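**Q** In this note's numbering, the protein residues as written are 712 to 830.
#1: When the Cα atoms are used, what is the spatial distance from residue 806 to residue 719?
#2: At a cut of 8 Å, does the stretch 807–816 reach the stretch 720–737 through at least three beta carbon pairs?
#3: Three or more C-beta pairs closer than 8 Å, one from the stretch 771–779 and one from the stretch 743–761: is that the case here?
#4: Can you tell me the Cβ-Cβ gap for residue 733 and residue 823, rounded? I've got them flagged as a contact below 8 Å.
#5: With burial defined as no fewer than 16 other Cβ atoms inside 10 Å of the residue's Cβ, what is the status of residue 789: buried or exposed?
#6: Nearest CA to the CA of residue 717: which residue from 829, 813, 819?
#7: On the premise that residue 754 lies in contact with residue 769, defined as a C-beta separation below 8 Å, what is that separation, rounded to the nearest angstrom?
#8: Ordered along the chain, which non-local residues of its own chain (more than five positions away) have a Cβ less than 7 Å from that of residue 786?
#9: Which same chain residues end up closer than 8 Å to residue 832 when comparing Cβ atoms and leaving out the 5 residues on each side of it in sequence?
#10: Which residue wins for smallest C-alpha separation from residue 816, given the options 721, 714, 712, 713?
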């Protein structure tokens, strides 16, 4: 197999994996507000704002923390926007695609094309 054929086979494998991942991927619901970075509890109370940075106290794990900006994803298809590169959901989606690619490694070109859905 020459380099061009290997490249095409890898490209085809990635396309099939992306389609399979999109079928099984469900975006997580987005919540407004702040949650504890340690236990993800939403049982928090404000604990002052020294130096202009708001502090919170978690009643779940008894930890104090500063407010951190939350990345919110409203994309229906992950990876469509430039800011997706930093999104935790996009990183989870990429891991799912990688897992699907690994599962397709043993298939030849004809088998992969039969799995490819028409666009």
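Each residue gets a CB set at the ideal place from its N, CA and C atoms; glycine is no exception. Remember, predicted model here, so these are calculated numbers, not experimental data.
**A** In this structure, then:
#1: Approximately 22 Å between the Cα atoms of the pair.
#2: Flag = yes, the stretch 807–816 and the stretch 720–737 touch.
#3: Touching, yes.
#4: Contact between residue 733 and residue 823 fails: their C-beta atoms lie close to 16 Å from each other, not under 8 Å.
#5: Buried is the call here.
#6: The shortest CA-to-CA distance from residue 717 to any of 829, 813, 819 is the one to 819.
#7: About 7 Å separates the beta carbon of residue 769 from that of residue 754, a gap short enough to meet the 8 Å contact definition.
#8: Hits under 7 Å: 792, 795.
#9: This structure does not reach residue 832, given that the chain is present from 712 up to 830, and the question cannot be answered.
#10: Checking every option, the nearest Cα to that of residue 816 belongs to 721.
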